[in-house]
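A short write-up of the structure that comes next.
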Amino acid sequence: GQQVMQIPQYQHVQEGEDFTTYCNSSTTLSNIQWYKQRPGGHPVFLIQLVKSGEVKKQKRLTFQFGEAKKNSSLHITATQTTDVGTYFCADTTGTASKLTFGTGTRLQVTL
Amino acid sequence: NAGVMQNPRHLVRRRGQEARLRCSPMKGHSHVYWYRQLPEEGLKFMVYLQKENIIDESGMPKERFSAEFPKEGPSILRIQQVVRGDSAAYFCASSPSAVHGELFFGEGSRLTVL
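Protein chains in written order, with the numbering used here: chain A, 41 to 151; chain B, 7 to 120.
Written as structure tokens, this is what we have:
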């Protein structure tokens, strides 16, 4: 079956440093979504990418969809303590809005 | 506009008992999804329902687990004869249509089996 892997599994940065998480699929992705889950919280939608090579920005967050639609990345510039949480990519290929989630990258930010 | 409502937020059961988790989707949403998250792991799809219909249950264990979304009332995820391995957070999500789009998640029900 389809596997969506994310690296790294965990990253610890100092506030102000940049952070990137990579999402790789064993099959071609249809659309990719990104979610953030704070510790003890629930997933919250960040963005959806649809087109090959697409790049979208939200303030300090930059999302990219690979040209071959088999990978995606999320880059955070100048991290803040409010960025702490686990970032998941999710593939929408398949039935309706059913999502296959990646393994997640847990981000810890310290002062 | 209330979000996705799940209850109970925390549930403790002894092995062999039944657990019932409820989910009320956002107003206007007729598509409901259940996901399970084991500690320190990602979310695994369990089941996708529309009103009175199970659309995709490919992620549901074959035994002890069932789900429904009746015409009236919340969606229910039922786990019979719980075992310790069922301890997890169960998240419900809803969407307004079947077109690929954002899922709105509830705060989850955290099941602990003693």
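We put the CB at the ideal spot given by N, CA and C, even for glycine. Only a predicted model underlies this, so the values are computations on that prediction, with no experimental measurement involved.
(message) Suppose you measure from the CA of residue 39 (chain B) to the CA of residue 69 (chain B); what does that come to, to the nearest Å?
(response) Within the second sequence, numbered from 1, the residue matching residue 39 (chain B) stands at position 33. Within the second sequence, numbered from 1, the residue matching residue 69 (chain B) stands at position 63. Computed Cα separation, rounded: 19 angstroms.
(request) Compare the Cα-Cα distances from residue 115 (chain A) to each of A:87, A:138 and A:132 and report the closest residue. (result) Your numbering for residue 115 (chain A) matches position 75 in the first sequence. Residue 115 (chain A) has its Cα closest to that of A:87, out of A:87, A:138 and A:132.
(request) For residue 92 (chain B), return the contacting residues in chain A, with the cut-off set at a CB-CB distance below 9 angstroms. (result) Here residue 92 (chain B) refers to the residue found at position 86 when the second sequence is read from its first residue. Simply none; closest approach about 19 angstroms.
(request) Measure from the alpha carbon of residue 116 (chain B) to the alpha carbon of each residue in B:107, B:36, B:83 and B:35, then state which is nearest. (result) Here residue 116 (chain B) refers to the residue found at position 110 of the second sequence. Out of B:107, B:36, B:83 and B:35, B:83 has the C-alpha closest to the C-alpha of residue 116 (chain B).
(request) Could you please tell me which residues of the segment 39-62 of chain B, in chain order, have their CB closer than 7 angstroms to any CB of chain A? (result) The segment 39-62 of chain B vs chain A, Cβ under 7 angstroms: 39, 48, 49, 51, 54, 61 and 62.
(message) Could you tell me which whole beta strand (DSSP E) segments of length 3 or greater appear in the segment 19-69 of chain B?
(response) 25-30, 37-43, 49-56 and 59-62
(request) Give me the Cα-Cα distance between residue 48 (chain B) and residue 37 (chain B), rounded to the nearest whole angstrom. (result) Start at 1 with the first residue of the second sequence, and residue 48 (chain B) comes out as number 42. Start at 1 with the first residue of the second sequence, and residue 37 (chain B) comes out as number 31. Looking at the two C-alpha atoms, the distance is approximately 22 angstroms.
(message) Can you tell me whether residue 116 (chain B) is helix, strand or coil according to DSSP?
(response) The residue given as residue 116 (chain B) occupies position 110 in the second sequence. Looking at residue 116 (chain B) - three-state DSSP - the assignment turns out to be strand.
(message) Does the CB of residue 54 (chain A) have a neighbour CB from chain B at under 8 angstroms?
(response) Residue 54 (chain A) sits at position 14 when you count from the first residue of the first sequence. So, not an interface residue.
(request) Starting from residue 113 (chain B), find everything on chain A with Cβ-Cβ shorter than 7 angstroms and list it in chain order. (result) Along the second sequence, one-based indexing puts residue 113 (chain B) at 107. Correct list: 82.
(message) Using only the alpha-carbon positions, how far apart do residue 62 (chain B) and residue 57 (chain A) sit?
(response) Here residue 62 (chain B) is taken as the residue at index 56 of the second sequence, counted from 1. Here residue 57 (chain A) is taken as the residue at index 17 of the first sequence, counted from 1. Straight-line measurement puts the Cα of residue 57 (chain A) at about 42 angstroms from the Cα of residue 62 (chain B).
(request) Pick out whichever of A:99, A:111 and A:79 has its Cα sitting closest to the Cα of residue 92 (chain A). (result) The sequence position of residue 92 (chain A) within the first sequence is 52, counting from 1. Of the candidates A:99, A:111 and A:79, the one whose C-alpha sits nearest the C-alpha of residue 92 (chain A) is A:111.
(request) Assign residue 64 (chain B) to buried or exposed, taking buried as 16 or more other Cβ atoms, counted over all protein chains shown, within 10 Å of its Cβ. (result) Looking up residue 64 (chain B) in the second sequence gives position 58. For residue 64 (chain B), the number of other beta carbons within 10 angstroms of its own is below 16, and it is reported as exposed.
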